[in-house]
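The block underneath contains the structure these notes are about, expressed in structure tokens.
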Amino acid sequence: MAFCVSTPNVSVMDLTCCQEKSAKYEDIKKVVKQASESPQKGILGYTEDQVVSYDFNSDAHSSTLDAGAGIAINDNEYGYSNRVVAIMAYLAPKE
16 MAFCVSTPNV
26 SVMDLTCCQE
36 KSAKYEDIKK
46 VVKQASESPQ
56 KGILGYTEDQ
66 VVSYDFNSDA
76 HSSTLDAGAG
86 IAINDNEYGY
96 SNRVVAIMAY
106 LAPKE
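Using my numbering, the letters of the sequence shown correspond one by one to residues 16 to 110.
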């Protein structure tokens with residue numbers, strides 16, 4: 016599913032999936048929060064704050080779960096650019 020967000024620089028994602036067994040939203044939030052704290056810290060974000068799209072300008076995370084809204088938000092360019100830099104640093108020859 017996709018929907019339009021009237022901002023020039025932030026995207027919103029809504030996850031729709033089929034699961035083998037049911038899961039409560041509270042359980043999903045818990046798993047995402049744990050992942051955002053480690054091992055995905057700095058890549059995956061999680062917030063329970065009341066936020067608006069402007070709050071995600073220059074957010075370095077690939078995506079941040081807005082737990083209250085049940086959607087993931089990311090800065091269209093900044094988060095992606097941070098991942099490219101991380102990959103380049105990882106692939107660069109080490110002395």
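All C-beta atoms in this analysis are idealised placements derived from N, C-alpha and C, irrespective of residue type, glycine included.
The structure displayed is predicted, hence computed values, not measured ones.
Roughly how many whole angstroms lie between the Cα atoms of Glu35 and Lys45?
If you take the alpha carbons of Glu35 and Lys45, they lie about 19 Å apart.
Is the beta carbon of Tyr95 closer than 7 Å to that of Ser73?
Going by C-beta atoms, Ser73 is not nearer than 7 Å to Tyr95.
Please go through the same chain and pick out, in chain order, the residues whose beta-carbon is closer than 8 Å to the beta-carbon of Ser78, but skip the five residues on each side of it.
Once the five neighbours on either side are set aside, the close Cβ partners of Ser78 are Met28, Leu59, Gly60, Ala87, Ile88, Asn89, Gly94.
Out of curiosity, what's the CA-to-CA distance linking Asn97 and Ala75?
Taking the straight line joining both Cα atoms gives about 6 Å.
When DSSP labels each residue in this structure, what does Asn89 get in the three-state scheme?
Asn89 falls in the strand class under three-state DSSP.
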